[in-house]
């Protein structure tokens, strides 16, 4: 499958410029958009077919509940993005995308890394355009791993999220519904002192809360990995013959390290829960 | 595998409809028809999604299906897992 039938990259760029202004899109451009979307949708479907078996197999082997879906970006969001960021439509990387979420909360950062590697192997290193790790470089608090891969000569974005990362992102996107999608791109918050609407308090308070929550989920996920590291470290350490004293020392070291990590985990977890529940408790009945 | 066309109003934060299709082309036609009917207002979000079933969509795109309060509740439950 080549590029959208009969439409070059420069034609697509020009199409993007024509549809960007607010108002009605010309019927001829709607017809072109239909062809472009059809192509992206086919690419998305093809990539979904390649990736889903990999995700299913990984989920079974690691005992994780992973879900894959795909979506085609809606026209208004594309127009808004071109207007706001002067994006070249032909270079937009998220017109079509897959989302993979570890829905049961058991997926760790290590699992996330390993799953991403398996996906890259399955689709082919040559198809990988970009590997964006927003866990180490969050955008406005958003954390996830995005793989941009090429399929049928167009980019397809594959988002891989843990349950916590996804829960955060869904909440933040809900805020974007009320305040404008620009908050997703880290742009300055407008009307910061107005009521948030989607949650109690002002918009600024809500943003501060969301940024704190993002940091808390990051720390929590890192400590969970630290616990996993300790488990691995001590289980591997039994290869060498040890004296009784060495064994006692090692057991003590293990006990202390694990206790420290668990205590840190509990502290972070309790703080996060307290924050979440105090916010939850102050919602009105309808809950925005 | 099914295609779904979701219509969501950002202003009210409410899902208006979920329509299911076996054929991707029909789903795309439906999406563009809804976009035309809503006069391309940026209040209405119409997306085509591909999933095994609607339950999967509810898990990966919960924003369309849940209120902010329900999303908070869900985040708390995930944190408790």
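Residue numbers (the numbering used here), protein chains in the order written: chain A, 1 to 288; chain B, 1 to 81. Each residue gets a CB set at the ideal place from its N, CA and C atoms; glycine is no exception.
Listed by chain order, chain A residues near residue 71 of chain B by CB distance under 8 Å: To locate residue 71 of chain B, count along the second chain from 1; it is residue 71. Those are 167, 170, 171, 174, listed as they occur along chain A.
is_contact[residue 42 of chain A, chain C] using C-beta, thresh 9 Å: Note that chain C does not occur in the displayed structure, where the protein chains are A and B.
Beta carbon proximity, residue 187 of chain A to chain B, threshold 9 Å: One-based indexing of the first chain puts residue 187 of chain A at position 187. Answer no: the Cβ-Cβ gap between residue 187 of chain A and chain B never drops below 9 Å.
CB contact flag (residue 198 of chain A, residue 231 of chain A, <9 Å): Position 198 of the first chain, counted from the start, is the residue given in the question as residue 198 of chain A. Position 231 of the first chain, counted from the start, is the residue given in the question as residue 231 of chain A. No, the Cβ-Cβ distance between residue 198 of chain A and residue 231 of chain A is not below 9 Å.
Minimum Cβ-Cβ distance from residue 84 of chain B to chain A less than 9 Å: This structure cannot speak to residue 84 of chain B, because chain B is shown only from 1 to 81.
C-beta contact flag for residue 300 of chain A and residue 179 of chain A at 9 Å: Coverage of chain A is limited to positions 1 through 288, which leaves residue 300 of chain A absent and any answer about it impossible.
Secondary structure of residue 1 of chain A, DSSP reduced to three states: Along the first chain, one-based indexing puts residue 1 of chain A at 1. The predicted model places residue 1 of chain A with a pLDDT of 49, which falls under 50 and marks its position as unreliable; any figure quoted below should be read in that light. Under the three-state reduction of DSSP, residue 1 of chain A is assigned to coil, being neither helix nor strand.
Contact set between residue 99 of chain A and chain B, taken where Cβ atoms lie within less than 8 Å: Here residue 99 of chain A is taken as the residue at index 99 of the first chain, counted from 1. Result: 60, 61.
8 Å contact criterion, which residue 113 of chain A and residue 163 of chain A should meet: CB distance rounded: For the purposes of this step, residue 113 of chain A is identified with residue 113 of the first chain, where counting begins at 1. For the purposes of this step, residue 163 of chain A is identified with residue 163 of the first chain, where counting begins at 1. Between residue 163 of chain A and residue 113 of chain A the Cβ distance is about 16 Å, and since that is not below 8 Å, they are no contact.
Counterpart residues of residue 133 of chain A in DSSP-defined beta bridges: For the purposes of this step, residue 133 of chain A is taken as the residue at position 133 of the first chain. In DSSP, residue 133 of chain A forms a bridge with A:145.
Residue-chain proximity (residue 292 of chain A, chain B), Cβ-Cβ < 9 Å: Nothing can be reported for residue 292 of chain A: it is not among the residues displayed for chain A, which extend from 1 to 288.
Expected contact under 8 Å - CB spacing of residue 18 of chain B and residue 4 of chain B to nearest Å: Start at 1 with the first residue of the second chain, and residue 18 of chain B comes out as number 18. Start at 1 with the first residue of the second chain, and residue 4 of chain B comes out as number 4. Residue 18 of chain B to residue 4 of chain B, Cβ: 6 Å. Contact.
Sequence-distant residues of the same chain with beta carbon closer than 8 Å to residue 205 of chain A, five excluded per side: For the purposes of this step, residue 205 of chain A is identified with residue 205 of the first chain, where counting begins at 1. Only 196 meet the Cβ criterion.
Neighbour flag for residue 37 of chain B against chain A, beta carbons, 9 Å: Translated into positions along the second chain, residue 37 of chain B becomes position 37. With 9 Å as the cut-off, residue 37 of chain B does not count as an interface residue toward chain A.
Any C-beta of chain B under 9 Å from that of residue 63 of chain A: Against the first chain, residue 63 of chain A aligns to sequence position 63. With 9 Å as the cut-off, residue 63 of chain A does not count as an interface residue toward chain B.
Assigned exposure category for residue 63 of chain A - 16 Cβ within 10 Å defines buried: By one-based count along the first chain, residue 63 of chain A stands at place 63. Looking at its Cβ environment, which holds fewer than 16 other Cβ atoms inside 10 Å, residue 63 of chain A is exposed.
As assigned by DSSP and simplified to three states, the class of residue 75 of chain B: The residue labelled residue 75 of chain B in the question sits at position 75 within the second chain. Note: residue 75 of chain B maps to helix in three-state DSSP.
CB contact check: residue 19 of chain B to chain A, cutoff 9 Å: The residue labelled residue 19 of chain B in the question sits at position 19 within the second chain. So, not an interface residue.
Bridge-paired residues (DSSP) for residue 300 of chain A: Nothing about residue 300 of chain A can be reported from this structure: the residues present for chain A run from 1 to 288 only.
Cutoff 8 Å; reference residue 110 of chain A; Cβ partners in own chain excluding five residues on either side: Taking the first residue of the first chain as 1, we reach residue 110 of chain A at position 110. These residues qualify, in order along the chain: 225, 228.
Alpha-carbon spacing of residue 221 of chain A relative to residue 155 of chain A, whole angstroms: The residue you call residue 221 of chain A lines up with position 221 of the first chain. The residue you call residue 155 of chain A lines up with position 155 of the first chain. Distance between the alpha carbons of residue 221 of chain A and residue 155 of chain A is about 30 Å.
Any C-beta of chain A under 9 Å from that of residue 29 of chain B: Residue mapping note: residue 29 of chain B aligns to position 29 of the second chain, counting from 1. Chain A contact via Cβ: present.
Paired residues, beta bridge with residue 154 of chain A - DSSP: Residue mapping note: residue 154 of chain A aligns to position 154 of the first chain, counting from 1. Answer is A:151.
Short Cβ contact (9 Å threshold) for residue 54 of chain A with residue 118 of chain A: Stepping through the first chain from its first residue, residue 54 of chain A is reached at position 54. Stepping through the first chain from its first residue, residue 118 of chain A is reached at position 118. Yes.
Contiguous beta strand (DSSP E) assignments of at least 3 residues, all confined to the stretch 43-116 of chain A: Complete beta strand (DSSP E) runs here, min 3: 66-72, 96-102.
Contact check, residue 45 of chain B vs residue 74 of chain A, beta carbons under 9 Å: Along the second chain, read from residue 1 onward, the residue named residue 45 of chain B stands at position 45. Along the first chain, read from residue 1 onward, the residue named residue 74 of chain A stands at position 74. Yes. Within cutoff.
Residue 191 of chain A at chain B interface by Cβ criterion, 9 Å: As a working note, residue 191 of chain A is residue 191 in the first chain. Interface with chain B (9 Å Cβ-Cβ cutoff): residue 191 of chain A is excluded.
4 or more residues per run - each alpha helix (DSSP H) lying fully within the stretch 156-194 of chain A: 163-179
Meets three-Cβ-pair contact criterion under 8 Å: the stretch 14-29 of chain B and the stretch 267-281 of chain A: no
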